[in-house]
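Below is one structure, written out as C-alpha cells; comments come after it.
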Amino acid sequence: MSFLSNILTGVSLGSIYAIIALGYTMVYGIAKMLNFAHGDVIMVGAFMCFFATGRYGLPPLVSVLLAVVVCTALGILIEGLAYKPLREAPSLAVLITAIGVSYLLQNGAQLLWGADTKTFTPIVSGSLSLVEGRLNISYVSLLAMACCLVVMVCLTLFTSRTRMGKAMRACSEDKGAAQLMGINVNSTISMTFAIGSALAAVAGVLMCSAYPVLSPTTGSLPGIRAFTAAVFGGIGSIPGAFLGGILLGIIETFAKAYISTDLSDAVVFAVLIIVLLVKPAGLLGKYVPEKV
Amino acid sequence: MKRTLSKTSINGFINYGIVIAAFLILQLLMAQGMISNTLKSLLVPVCCYIVMAISLNLTVGILGELSLGHAGFMSLGAFSGIVAAMAMQEFSPVPRLIAAILVGSIAGALGGVLVGVPVLRLQGDYLAIVTLAFGEIIRNIIVVLYVGLDQKGIHITTNSAGPALEEGGIMVIKGPMGAVGVPKLASFTAGFVLILITLFVVQNLVNSRAGRAIMALRDNRIAAESVGIHVTKYKLMAFVISAALAGAAGALFGLNYSSTVSSKFGFNTSILILVFVVLGGLGSIRGSIISAALLYILPEMLRGFEFITKARMLIYAVILIAVMLTINNPALKSLLEERDLSLGGLLGKLKNGGRAKKGGAGQ
C-alpha cells in the first residue's frame, strides 16, 4: 500500500511540476531562452494568494484569480522591460539578465515581505480515504492532478485550434517567416509569457497548498526541478513537459522514500545529467540538426 | 601581429603589477597597524573570490559558456583540501597548505571533467543548468557525508553514526555540520601567491594557441570548427582549468575558517561570483580582479548602514540587468562602432561581451 501511496504522491507532485514545466517549455520553444525568473513568479503567485486569503480574508477562488492576474501582469512586465530589448543579443546576455530578474524578484520579495518562512493556508483541506482508510489522498493532490489535466487539454487545444496558438507555433518554428506572414512576433512572445506566468501562479498556489511553507526562495528549487522535467520530456514540447513533470515527481518521491531525503535533489539532477547524456533532445523532443 | 602581442603582454604585466602593488601597500599598512581587524579578516576571502572571479571569467568571458555551479567546484576543493590538510598533521603549515591547495585543485579538475565531458558536447543553455544541478548535487552529497581519519587512512561513510575509527582518529566532515576543527592554515600571502599563479595560468592560456582557439569557439563555433579546431577538446580545456582554479581557491577558503558547511557554497555564491565577473567585464581579467575586490569589501565596510546590507543583493540584481541591457543596446553599440569610440576603463572592456556576436570584429 505504501508503494501505491508513493505513486499517488509522486503523480500529484509531478502534476505541479508539469504545470511549472509547461511555462518553461512554452517560453523556451518560442523565445529560445531559459526563463530563470519563472520559479520566482511562482513564489510571487503564492504570496499573492497568501495575503489575499490570510490578510484580507478573500475566498480561495478569488485569491487564486488575483494571483493569476498579478502573475500574468508581472510576466508581461518582465518580458517587456528585461527580455524584449535583448531579442537580438547573444544568448549568454539573455541568460544573465534572466538570472538578474530572478534575483531581483527574490530579494525584492525579501525586502517587502521579510525573509522568514510563513505558513501557507491551503486553499482546500482534508483528504479522501480509500480502501478502508489505508490509502489517503489529500484533496490538494486531487486538485493538482485535475488542474494539470485541464491545463494540458486546454493548452493542446489552444495551440492547435486557435489563431494565437497557431501563431505561437509558427513563431517557435521560424520567427522571420512568421513575421513575413503578418504575425506580430512581439505580441505573440508577450502572450506566451503571460500564459506561462498565469500557469506559474496556479502552480504556486497548488505547491504551497500541498507543502504549506512560503518564503522568498520557495520558488527557486521547484523552478529548477521543473526545468529538469521540461528537459527530461523534451524542451519545447507540451506533452513532453507533462510526461517529464509526472515522471520527475514520481522519481523524486521514490528517492525520498527509498534512498534518502537529503539526496532526493541529487537524484533528480543526476536524472537530468543522464538524460542529457543519452537523449539530449529529451523523451518527446525532436532533434533538430543545426544548419549552417 | 607583433604590436598586438606586445600589447597583450603589457596588459598582463599591468595585472601582475596591480596585484603586487596592492599586496605591498596592504602589507605596509598592516605593519603600520592602520588596518582594522575586520578588514584583516576579509583579506583571505577576498583573495579566494578574486581567484574565483578570474577562473569563472575563463569559462564565461573567454569560453562563452555560462557556468552556474562555480561554487560547487569551490566546495569540492574546500572539503578535499581540508581532508588533505588534516591528514598531514605531522608536517609544517606551509607544505600542508600547498598540498591542500593541490589536492583541492585536483578535486576541482576532476569535477570539471565529470561535468564537462557529457555537457560540453551539447549546445545552448544546457551547461548553465547542468552546472547548477552539479552545484546542488555536491552540496547535497556533502550534507550526508561523514569522513574520519585514523592510522589506517581515510574513512568515508554516509552512516550518521560516522565511520568506526581507531583510537586517536579524528572526524573531519560531520555531515550536516560540515568540516569542523579545521586548522587555520590560510594566510594573506598564500592568497596573494594563488592570485599570481591564477593570473599566470589564465593569461598565458589566453595568449596561447589554445587560448585563441577557445576564443574562436566563443565568437563563432561553426567557423572555428571548419578551420579544424577541436570543439570538445578546447572547451573542456578551458572548463577544467577554470574548475581546477576554483578548487584551489576553495581549499584556501576552507582552511581560513575553523569550520565550514557546504551551504556556504550554494547557488547564491555562484551567482555572486557571476556578478563580479559580469560587472568587471566579460573577458576582462583586470575587471574581474577589481570588481571582486571592491564588491566583496564594500558591502562588508558598509555593514553599518542597514539599508545597504539588506538591499545588497537587490542592488546587484538591478545592476546586473542594467549592465546587460546597456551593453546590448543596439543604438549604443552602433554609436560606438560608428565613431570608433572605445570608452575607456570598465565600459570598454564590457564591449567584449557584445563582441561575441560580431564575430570578433574590431580586434
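Going down the list, the sequences are from chains A and B.
Residue 217 in the numbering used here sits at position 217 of the first sequence; the count goes up by one each step and never skips.
Residue 90 in the numbering used here sits at position 90 of the second sequence; the count goes up by one each step and never skips.
Heads up, the beta-carbon is just placed ideally off N, CA and C, and yes, glycines get one too.
Taken in chain order, the unbroken stretches of alpha helix (DSSP H) that lie wholly in the segment 204–280 of chain B and span 4 residues or more are 209–219, 221–226, 231–254 and 267–280. Counted as a single uninterrupted DSSP element, the alpha helix (DSSP H) harbouring residue 249 of chain A occupies residues 238–254. When DSSP states are grouped into helix, strand and coil, residue 279 of chain A belongs to the coil group. The beta carbons of residue 239 of chain A and residue 113 of chain A sit no closer together than 8 Å.
If only uninterrupted alpha helix (DSSP H) runs of at least 4 residues are considered, those enclosed by the segment 96–184 of chain B are 126–143.
Neighbours of residue 310 of chain B across chain A, judged by C-beta separation under 7 Å: 111.
In this structure, the alpha-carbon of residue 171 of chain A lies about 33 Å from that of residue 250 of chain A. For residue 64 of chain B, the residues of chain A that pass the 7 Å Cβ criterion are 92, in the order they occur in the chain.
Looking at B:133, B:105 and B:42, the one whose alpha-carbon comes closest to that of residue 194 of chain B is B:105.
With a threshold of 8 Å between beta carbons, residue 265 of chain A makes contact with chain B. In this structure the segment 225–238 of chain B lies against the segment 52–69 of chain B, because at least three pairs of beta carbons, one per stretch, are closer than 8 Å. Taking 7 Å as the Cβ-Cβ cut-off, the segment 249–260 of chain A approaches chain B at 260, given in chain order. Chain A places a beta carbon closer than 8 Å to that of residue 330 of chain B, counting this residue as a contact.
Per DSSP, residue 2 of chain A has no beta-bridge partner at all.
One thing to note: residue 275 of chain B has its Cβ no nearer than 8 Å to the Cβ of residue 288 of chain B. Non-local C-beta neighbours of residue 72 of chain A in its own chain, meaning closer than 6 Å and more than five positions away in sequence, comprise 194, 197 and 198, ordered along the chain. Sorting B:218, B:99, B:116 and B:307 by C-alpha distance to the C-alpha of residue 77 of chain B places B:99 at the top. By the rule that beta-carbons nearer than 8 Å mark a contact, residue 118 of chain B touches chain A. In this chain, the beta strand (DSSP E) harbouring residue 138 of chain A covers 135–138.
Shown here, residue 119 of chain A sits in a strand according to DSSP, grouped into three states. In this structure, the beta-carbon distance from residue 190 of chain A to residue 16 of chain A does not fall below 8 Å. The CB of residue 13 of chain A never comes closer than 8 Å to any CB in chain B; the least such distance is about 18 Å. Beta-carbon to beta-carbon, residue 279 of chain B and residue 323 of chain B are separated by about 6 Å, close enough to satisfy the 8 Å threshold. Neighbourhood of residue 317 of chain B in chain A, by CB distance below 9 Å: 99, 100, 101, 102, 103, 104, 105, 106, 107 and 108, in chain order. In the DSSP assignment, residue 125 of chain A falls outside any alpha helix (DSSP H), carrying neither H nor E. Annotation: Cβ neighbours of residue 128 of chain B in chain A (cutoff 8 Å, chain order): 34 and 95.
When Cβ-Cβ separations below 8 Å define contact, residue 262 of chain A makes contact with chain B.
At a cut-off of 8 Å between beta carbons, residue 224 of chain A contacts chain B. Secondary structure remark: continuous beta strand (DSSP E) runs of at least 3 residues inside the segment 4–48 of chain A: none found. Inter-residue distance for residue 172 of chain B and residue 136 of chain B is about 21 Å (C-alpha atoms, whole angstroms).
Annotated three-state conformation of residue 205 of chain A is helix, per DSSP. Within the segment 75–109 of chain B, no residue has a Cβ lying closer than 7 Å to any Cβ of chain A. Secondary-structure assignment with DSSP links residue 213 of chain A through a beta bridge to A:119. If the five residues before and after residue 103 of chain B are omitted, its C-beta is found closer than 6 Å to the C-beta atoms of 80, 81 and 84, all from its own chain and listed in chain order.
Leaving aside the five residues that flank residue 201 of chain B on each side, the residues in its chain whose CB is nearer than 8 Å to its CB run, in chain order, 241 and 245. A residue is called buried when at least 16 other Cβ atoms come within 10 angstroms of its Cβ; residue 49 of chain A meets this threshold and is buried.
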